[in-house]
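Reviewing the structure listed below.
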Amino acid sequence: MKILMIIAPGKFRDEELLEPKKVFEKNKYKVEIASSVKKELKGMLNNTITPDLLIKDVKVKDYKAIVFVGGPGIDDFKLYENEEFLELAKKFAEKDKVVAAICAAPKILAKAGLLKGIKCTVFGDHDNIEMLKSENAKYSGESIEADGKIITAEGMQVAEEFAEKILEVI
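In our numbering, the protein residues as written are 21 to 190.
And the structure:
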């Protein structure tokens, strides 16, 4: 059983990657990390990660869930405008897999059209909230939301609970 975690090609939020990864592995899931580049990438807290694979090489059937990690890299690299990231989110949703995002990453799900009419949350910045609302998402302001197989969380302070909610929904 595998879970795929997606990081920006820089300035991802370390805790939003590492804490859920630890929870998943403790529960016997193999975690693979993907990004748009396959080289050593640095998080906000200077942890370095080399992705296991490129987004273009992901095979949806191999995973139970996809988790988009947040951090400033979401905006720095405008991942919510990157077709590769948007298409991957859509493919997981089409195959009825769990699709999760934390911090600013729910904007990727919103732009992929996955949050229309869905109760969700995001890091509580005005621009983030407005983007979700502009895509007809039902922003709740809660720290974690699960609506069907779509799970969103506001940030690092709930990273562990976010991971537990993902496992519960899987």
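Glycine included, every Cβ here is placed at the ideal spot set by N, Cα and C.
Coarse secondary structure for residue i, derived from DSSP in three states
| i | result |
| --- | --- |
| S163 | coil |
| I186 | helix |
| L65 | coil |
| K139 | strand |
| L73 | strand |
| M176 | helix |
| L134 | coil |
| Y49 | coil |
| E60 | coil |
Strand pairing of residue i, partner residues [DSSP]
| i | result |
| --- | --- |
| I26 | A54 and F88 |
| K158 | K139 |
Delimiting residues of the alpha helix (DSSP H) encompassing residue i
| i | result |
| --- | --- |
| I122 | Taken as a continuous stretch (DSSP letters only), I122 belongs to no alpha helix (DSSP H), being part of the beta strand (DSSP E) at V118 to I122. |
| M151 | H146 to S154 |
| V43 | D34 to K46 |
| P126 | P126 to K131 |
| F112 | E103 to E114 |
| D82 | Careful: D82 lies outside any alpha helix (DSSP H) and carries neither H nor E. |
Boundaries of the beta strand (DSSP E) in which residue i is found, first to last residue
| i | result |
| --- | --- |
| I170 | I170 to A173 |
Inter-residue CB distance, residue i and residue j (contact presumed, cutoff 8 Å)
| i | j | result |
| --- | --- | --- |
| I75 | K117 | That pair is no contact at about 15 Å. |
| K22 | K84 | 7 Å |
| A28 | F112 | Wrong, their Cβ atoms sit about 18 Å apart, outside the cutoff. |
| L65 | G30 | Not really, about 13 Å apart at Cβ, beyond 8 Å. |
message: Three Cβ pairs or more, each shorter than 8 Å: is that satisfied between the stretch 56-72 and the stretch 141-152?
response: no
field: the stretch 165-178 contacting the stretch 133-142, beta-carbon criterion three pairs below 8 Å
entry: yes
message: Any contact between the stretch 127-134 and the stretch 155-162? By contact I mean 3 or more CB pairs, one from each, below 8 Å.
response: yes
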